[in-house]
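Numbering (our numbering), first residue to last: 2 to 696. What follows is a set of notes on a single structure, which appears directly below.
In structure tokens:
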């Protein structure tokens, strides 16, 4: 029996009852990721004793039994045989008949570089770089056998019982009639204009002149629109509605944003079902899906979006988007659009992974896509035979190209420094690169972005202003990550004041850019893109550090900024209930504000007016706040949205383990304290859902 147990536990025999039981960390030490020194079961460890909390031990779950490899292998082999038989392949290779393209069947095979193969027909394409598919594709009678998505245009059947959650991934071959879900022609035109104004400048994955003509043609008879264009139209409706303010939708469309978006979402889901999303080889369907992923940030959680983004990446690889079109026989126009799509998809994938707290997907070395051109849509035409002239100054592509340039730098440097796939940001907190070298490469990045983009920005132009905000905020965030306290492995490391000043300055700038992006009327139309981005690291560090700052004017500015950006975010918490992250930050805000007031009183200085959100927290937040008003500086009776229910906060604080007794890491700046904040950030981002009820 011992040998069997040993084989199931990596070759180690299971301990007998007479042996010393395994030593586990207590719950508190495990959550904080610190060493637990408890020796006697009757006494708490030093960390719990210091925090005055109960020291609880829980044994980890037993290891999973490894399944028999031989059994798994046979199952995999049988599954492979079944798949091949289902696809029409005989297990006997000699039985596979050879076919040649039928006469008059015009399709193109492009095979230029690498071992892969590109097959194209009628605007669709598929890239085959698997040895099996590359070899067997020669045996197929025509391109349709490879490019076919399995759909059938013959049968129309409205499936009312298809749920919203699964409609988008359905593989049904029947087509749902969704003509009635389209807005009126007038409203279609309004949504298209909103898309052009608010969304297209930040994405640039469609050629606006071409799509506009396609929409106009479709509006003449919506019953005859192709499945691909219909999916794109509904995706445009959805993202356009998300980009609009609720009051603007009500005024312009005579219907609530929530109701109209719900209807368009349903149409989009059924349109993707009709277009056989999971089997598509159409770049138009991929464009539609990418736009839909962007609008999903307003009504779905990050993990769902990240998972669906993986589907989009697989579709793109199936189509061959990861191989540059110029080397595979695509036209100049198609090549440029494919480059735009691929680079934007990489941005969506990286940002969605970041929201989930995970490393982005490592992509194969075979990717050879060149960056998009710095050219306007008016410079491109599907019939063009000569490359467009790439402009040296600002174009419609400014925002997209700036993000792409930053992403390329991040991947290049991370690949040079890191050998493990820990994500493109990992090198900034890694000891494999000195802080001096990090600062040097960030300085080079800033100089490059300044020369290529920022010096051309006209702040009176909304797209230029939002580009400048994004670039400068990204540089500040990069410096923050390079200097962040969590980079120090030793929990007893004390950070120098000069280092703290660098971090604080960049945190302050990041929060200023966030405040401007949220409240500047010039870029209001782009707020849909920025509403989900909160500078949590910056806010946490500034609140923790302010007790050490001596500049009263600086402190007043920080409190005003935190009040602005956090009050705008608090509505999200009010819908879903307070998360552990919100509870911790609210307690941190209360503690920091009280210290600020005490300091002002001691030094006989007039404090800055109390932000409304802070006043609300002083009255309502559970755990450490008092029931009495702290000072006449905050007006009684002012309450932030969603902070009325005292008992609800108390319960949430208790359930999440974030009562006053468990918040000892607040206002700390050690790496150990930042591990606790990292856990809260990861848990919050994983559970955060910006539900459509807010729209």
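Beta carbons: idealized from backbone N, C-alpha and C, even for Gly. Fair warning: this is a prediction, and the values are worked out from it, not measured in the lab.
Leaving out the 5 sequence neighbours to the left and right, which residues in its chain are closer than 8 Å to residue i when beta-carbon positions are compared?
{"i": "residue 470", "result": "514, 517, 518 and 524"}
{"i": "residue 297", "result": "305, 306 and 309"}
{"i": "residue 193", "result": "213, 216, 237 and 241"}
{"i": "residue 634", "result": "Reliability fails at residue 634, whose pLDDT of 41 lies under 50, so the model's placement of it is uncertain and no value is given."}
{"i": "residue 457", "result": "394, 395, 399 and 465"}
{"i": "residue 55", "result": "45 and 49"}
{"i": "residue 601", "result": "553, 607 and 608"}
Just to confirm my understanding: we take residue i, look at its own chain, exclude 5 residues before and 5 after, and list those with CB closer than 6 Å. What are they?
{"i": "residue 404", "result": "348"}
{"i": "residue 649", "result": "Low local confidence applies: a pLDDT of 38 at residue 649 is under 50, so the model's placement there is unreliable, with the coordinate-based value given in what follows. So no residue of the chain qualifies."}
{"i": "residue 759", "result": "Residue 759 lies beyond the range of the chain shown here (2 to 696); nothing can be said about it."}
{"i": "residue 463", "result": "523 and 524"}
{"i": "residue 273", "result": "169 and 232"}
{"i": "residue 203", "result": "400 and 530"}
{"i": "residue 339", "result": "322 and 326"}
Restricting to Cα atoms, I'd like to know which of the options is closest to residue i.
{"i": "residue 353", "options": "318, 179, 295 and 595", "result": "295"}
{"i": "residue 476", "options": "501, 508 and 589", "result": "508"}
{"i": "residue 701", "options": "435, 376, 370 and 527", "result": "Residue numbering for the chain in the displayed model covers 2 to 696; residue 701 lies beyond these limits and cannot be assessed."}
{"i": "residue 407", "options": "382, 449 and 380", "result": "449"}
{"i": "residue 584", "options": "612, 619, 613 and 611", "result": "619"}
{"i": "residue 380", "options": "454, 208 and 500", "result": "208"}
{"i": "residue 370", "options": "49, 341, 457 and 351", "result": "341"}
{"i": "residue 587", "options": "567, 596, 600 and 601", "result": "567"}
{"i": "residue 181", "options": "437, 231, 344 and 204", "result": "231"}
{"i": "residue 332", "options": "52, 617 and 123", "result": "123"}
{"i": "residue 593", "options": "548, 552 and 562", "result": "548"}
{"i": "residue 383", "options": "223, 334, 541 and 461", "result": "334"}
{"i": "residue 191", "options": "455, 245, 389 and 312", "result": "245"}
{"i": "residue 319", "options": "186, 284 and 337", "result": "284"}
{"i": "residue 410", "options": "427, 442, 386 and 387", "result": "442"}
{"i": "residue 412", "options": "446, 551 and 386", "result": "446"}
{"i": "residue 545", "options": "505, 520 and 179", "result": "505"}
{"i": "residue 482", "options": "317, 503 and 532", "result": "503"}
{"i": "residue 186", "options": "223, 171, 614 and 195", "result": "223"}
{"i": "residue 472", "options": "533, 378, 615 and 451", "result": "451"}
{"i": "residue 485", "options": "616, 541, 250 and 32", "result": "541"}
Return helix, strand or coil for residue i, following the three-state DSSP convention.
{"i": "residue 685", "result": "Caution applies to residue 685, whose pLDDT of 49 falls short of 50 and renders its modelled position unreliable; the model cannot decide the point."}
{"i": "residue 30", "result": "helix"}
{"i": "residue 610", "result": "coil"}
{"i": "residue 545", "result": "helix"}
{"i": "residue 478", "result": "helix"}
{"i": "residue 353", "result": "helix"}
{"i": "residue 121", "result": "strand"}
{"i": "residue 294", "result": "helix"}
{"i": "residue 244", "result": "helix"}
{"i": "residue 430", "result": "helix"}
{"i": "residue 214", "result": "helix"}
{"i": "residue 176", "result": "strand"}
{"i": "residue 597", "result": "helix"}
{"i": "residue 282", "result": "coil"}
{"i": "residue 58", "result": "strand"}
{"i": "residue 253", "result": "helix"}
{"i": "residue 171", "result": "coil"}
{"i": "residue 126", "result": "strand"}
{"i": "residue 620", "result": "helix"}
{"i": "residue 591", "result": "helix"}
{"i": "residue 207", "result": "coil"}
{"i": "residue 381", "result": "coil"}
{"i": "residue 373", "result": "coil"}
Just to confirm, does residue i get its C-beta within under 8 Å of one of the non-hydrogen atoms of the ligand GDP?
{"i": "residue 500", "result": "As far as ligands go, the structure on display features none, and thus does not contain the ligand GDP."}
To which residues of the same chain is residue i closer than 7 Å at the C-beta, ignoring the five residues directly before and after it?
{"i": "residue 51", "result": "none"}
{"i": "residue 286", "result": "229, 232, 276 and 278"}
{"i": "residue 1", "result": "Nothing can be reported for residue 1, as the shown portion of the chain is limited to 2 through 696."}
{"i": "residue 184", "result": "192 and 238"}
{"i": "residue 459", "result": "465"}
{"i": "residue 219", "result": "226, 230 and 234"}
{"i": "residue 27", "result": "37, 39, 46, 49, 56, 57 and 58"}
{"i": "residue 375", "result": "391, 392, 396, 398 and 402"}
{"i": "residue 337", "result": "373, 374 and 381"}
{"i": "residue 562", "result": "512, 513 and 516"}
**OP:** Pick out the complete alpha helix (DSSP H) segments inside the stretch 484 to 529, 4 residues or longer, and give them in chain order.
**Re:** 498 to 520
Original post:
Can at least three beta-carbon pairs, one atom from the stretch 315 to 325 and one from the stretch 549 to 556, be found at a separation below 8 Å?
Top reply: no
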